[in-house]
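Protein chains in written order, with the UniProt record's numbering: chain A, 1 to 236; chain B, 1 to 263.
Cβ coordinates follow ideal geometry from the N, Cα and C atoms, glycine included.
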């Protein structure tokens with residue numbers, strides 16, 4: 001269970017997160033949607049401790065993450081823009097993160113072959129294509145079998161084949177009882193993967209709850225229509 | 001343990017970049033040339049010291065700032081892992097400052113070893129030279145780190161300030177001191193000058209070299225004042241404390257900035 005309490009973050013005069021209260025249930029997939037610049041990535045970065053909030057707190061399994069770092073053992077994170085040390089080869093990168101985490105990876109080889117990364121293993125990170133970097137990011141997020149998986153726009157750079165593969169993998173992880181948190185602009189993806197929906201606009205939560213309820217409430221067939229309606233309501 | 005893992009990776013990465021080898025080679029060639037020209041006596045050591053006093057601060061402060069910008073991806077990757085920010089900070093700093101210090105030490109010592117200078121030269125002078133070089137490397141890399149963190153989003157500004165601070169401490173500061181001496185020469189200004197020297201780590205190192213090689217006599221009465229002060233226990237204590245502050249404050253402040261930073 002991840003609880004966010006009164007979270008507030010400002011970058012200079014700009015309020016990016018404005019008093020956010022959230023409970024993200026365990027063992028479920030939660031999708032975060034919102035327009036560009038609405039604070040989705042900042043919220044995720046605050047959860048990871050990459051961004052230090054101005055006020056509020058985040059609790060993971062009842063424990064505050066303030067000043068803590070050990071809790072990140074439970075988290076696998078795949079960033080939006082995957083940037084890795086340019087001179088490292090792919091296998092060196094895996095080995096290095098393994099040493100930092102001080103835990104044995106459980107399903108690295110399986111993930112590598114699943115995403116077809118074997119021919120890339122000895123290549124330097126800077127020579128990898130954008131899609132392959134994303135795949136490396138996905139392997140890094142999942143190879144330690146963490147309880148919480150966070151994906152920030154995971155399929156943005158993937159080809160349709162890899163994208164489907166990735167989604168199947170997320171399904172499998174979800175069925176294993178993992179807590180999945182993902183942001184995306186592709187509504188069909190959320191529909192496929194998520195049970196819960198969080199809708200953020202300008203740093204404030206506009207909707208938080210089961211996805212089905214939102215679709216019913218907005219009297220729409222598809223999530224895309226429901227979210228578009230909600231965005232129009234906010235703008236009005 | 002984790003710091004070691006980070007250090008190991010950075011060593012590999014730095015040597016792969018070959019830049020650090022070039023840096024060591026500069027000292028090697030310089031040391032070799034000076035020994036050839038000036039023999040194995042103290043003259044060669046003074047020449048080496050003079051070049052070292054300019055080059056180490058320049059490379060330390062510029063590369064310290066640049067390195068933080070270059071390893072931004074690395075930092076972001078590691079911050080999402082179960083890793084303490086302090087560990088990461090010391091890992092990053094050690095990963096740059098230690099190889100730089102190593103390249104310097106190896107660069108100046110190798111020619112001294114094959115010319116037999118290590119045996120013939122006064123041990124105290126040689127040790128002083130190596131220690132000063134290492135302290136200056138750590139000190140200016142720390143200063144560069146601080147600049148890089150202070151202006152993390154603006155590389156041009158960070159590198160600009162790094163360059164200007166080097167120029168100020170290595171060149172302009174001396175000019176100002178000289179100007180003060182020239183204008184206030186009729187007054188007893190030896191003690192204020194002593195204080196001014198203390199405020200600049202490069203000057204402090206330079207004075208130490210001058211005193212060690214006993215060329216302070218060239219500085220006349222001022223030299224005598226310095227000699228008396230730095231020769232005393234209090235003088236050595238104050239000078240060490242000043243260098244310690246110059247080493248400690250940028251690193252302490254840099255670590256604070258790093259701990260509070262949003263990535």
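Identify whether residue i lies in helix, strand or coil by the three-state DSSP scheme.
| i | result |
| --- | --- |
| residue 36 of chain B | helix |
| residue 187 of chain B | coil |
| residue 153 of chain A | coil |
| residue 53 of chain A | coil |
| residue 83 of chain A | coil |
| residue 186 of chain A | coil |
| residue 134 of chain A | helix |
| residue 10 of chain A | strand |
| residue 221 of chain A | coil |
| residue 209 of chain A | strand |
| residue 232 of chain B | coil |
| residue 83 of chain B | coil |
| residue 68 of chain A | coil |
| residue 233 of chain A | helix |
| residue 39 of chain A | coil |
| residue 1 of chain B | coil |
| residue 263 of chain B | coil |
| residue 115 of chain A | coil |
| residue 71 of chain B | coil |
Can you say whether residue i is buried or exposed, counting buried as having 16 or more other CB atoms within 10 angstroms of its CB?
| i | result |
| --- | --- |
| residue 24 of chain B | buried |
| residue 252 of chain B | exposed |
| residue 86 of chain B | exposed |
| residue 54 of chain B | exposed |
| residue 232 of chain A | exposed |
| residue 164 of chain B | exposed |
| residue 221 of chain A | exposed |
| residue 166 of chain B | buried |
| residue 246 of chain B | buried |
| residue 208 of chain B | buried |
| residue 133 of chain A | buried |
| residue 113 of chain A | exposed |
| residue 228 of chain B | exposed |
| residue 43 of chain A | buried |
| residue 26 of chain A | exposed |
| residue 71 of chain A | buried |
| residue 183 of chain B | exposed |
| residue 123 of chain B | exposed |
| residue 171 of chain B | exposed |
| residue 146 of chain A | buried |
| residue 120 of chain B | exposed |
Based on DSSP bridge pairs, tell me the residues matched to residue i.
| i | result |
| --- | --- |
| residue 33 of chain A | A:199 |
| residue 76 of chain A | A:149 |
| residue 180 of chain A | A:29 and A:149 |
| residue 15 of chain A | A:10 |
| residue 5 of chain A | A:57 |
| residue 240 of chain A | Residue 240 of chain A cannot be examined here, being either before or after the span of chain A that is shown, 1 to 236. |
| residue 204 of chain A | A:201 |
| residue 124 of chain A | A:89 |
| residue 192 of chain A | Answer is none; residue 192 of chain A lacks a bridge partner. |
| residue 237 of chain A | Outside the shown range of chain A, which is 1 to 236, sits residue 237 of chain A, and nothing can be said about it. |
Between the options, which lies nearest to residue i when the distance is taken from Cα to Cα?
| i | options | result |
| --- | --- | --- |
| residue 93 of chain B | B:124, B:114 and B:139 | B:139 |
| residue 49 of chain B | B:199, B:36, B:206 and B:247 | B:206 |
| residue 132 of chain B | B:33, B:204 and B:20 | B:204 |
| residue 90 of chain B | B:208, B:150, B:234 and B:146 | B:146 |
| residue 29 of chain A | A:182, A:188 and A:200 | A:182 |
| residue 215 of chain A | A:203, A:204, A:196 and A:201 | A:196 |
| residue 234 of chain A | A:211, A:203 and A:91 | A:203 |
| residue 96 of chain A | B:198, B:98, B:2 and B:128 | B:2 |
| residue 131 of chain A | A:142, A:146 and A:115 | A:115 |
| residue 170 of chain A | A:139, A:187, A:159 and A:200 | A:139 |
| residue 176 of chain B | B:161, B:200, B:187 and B:186 | B:200 |
| residue 65 of chain B | B:155, B:5 and B:79 | B:155 |
| residue 87 of chain A | B:172, B:255, B:210 and B:17 | B:17 |
| residue 202 of chain B | B:104, B:124 and B:51 | B:51 |
| residue 134 of chain B | B:83, B:143, B:61 and B:97 | B:97 |
| residue 209 of chain A | A:21, A:98 and A:17 | A:21 |
| residue 150 of chain B | B:38, B:259, B:31 and B:34 | B:259 |
| residue 32 of chain A | A:1, A:74 and A:207 | A:207 |
Compute the minimum distance between the beta carbon of residue i and the heavy atoms of the ligand FMN, and state whether it is under 7 Å.
| i | result |
| --- | --- |
| residue 187 of chain A | Among the components modelled here there is no ligand, and therefore nothing to report on the ligand FMN. |
Less than 8 Å between CB atoms is the rule here; does residue i satisfy it with respect to chain C?
| i | result |
| --- | --- |
| residue 76 of chain B | Of the protein chains in the structure, A and B, none is chain C. |
Open item on the list: Please give the ranges of any alpha helix (DSSP H) in the region 85-111 of chain A, keeping only runs that are unbroken, at least 4 residues long and fully inside the region.
Closed with: 90-101
Open item on the list: Which complete alpha helix (DSSP H) runs does the region 99-126 of chain B hold, if anything under 4 residues is left out?
Closed with: 117-120
Open item on the list: Report the start-end ranges of each alpha helix (DSSP H) in the region 146-215 of chain B that is 4 residues or longer and not cut off at the edges.
Closed with: If only complete runs of 4 or more residues are kept, the region 146-215 of chain B shows the alpha helix (DSSP H) at 155-167, 173-183, 190-199 and 201-212, in order along the chain.
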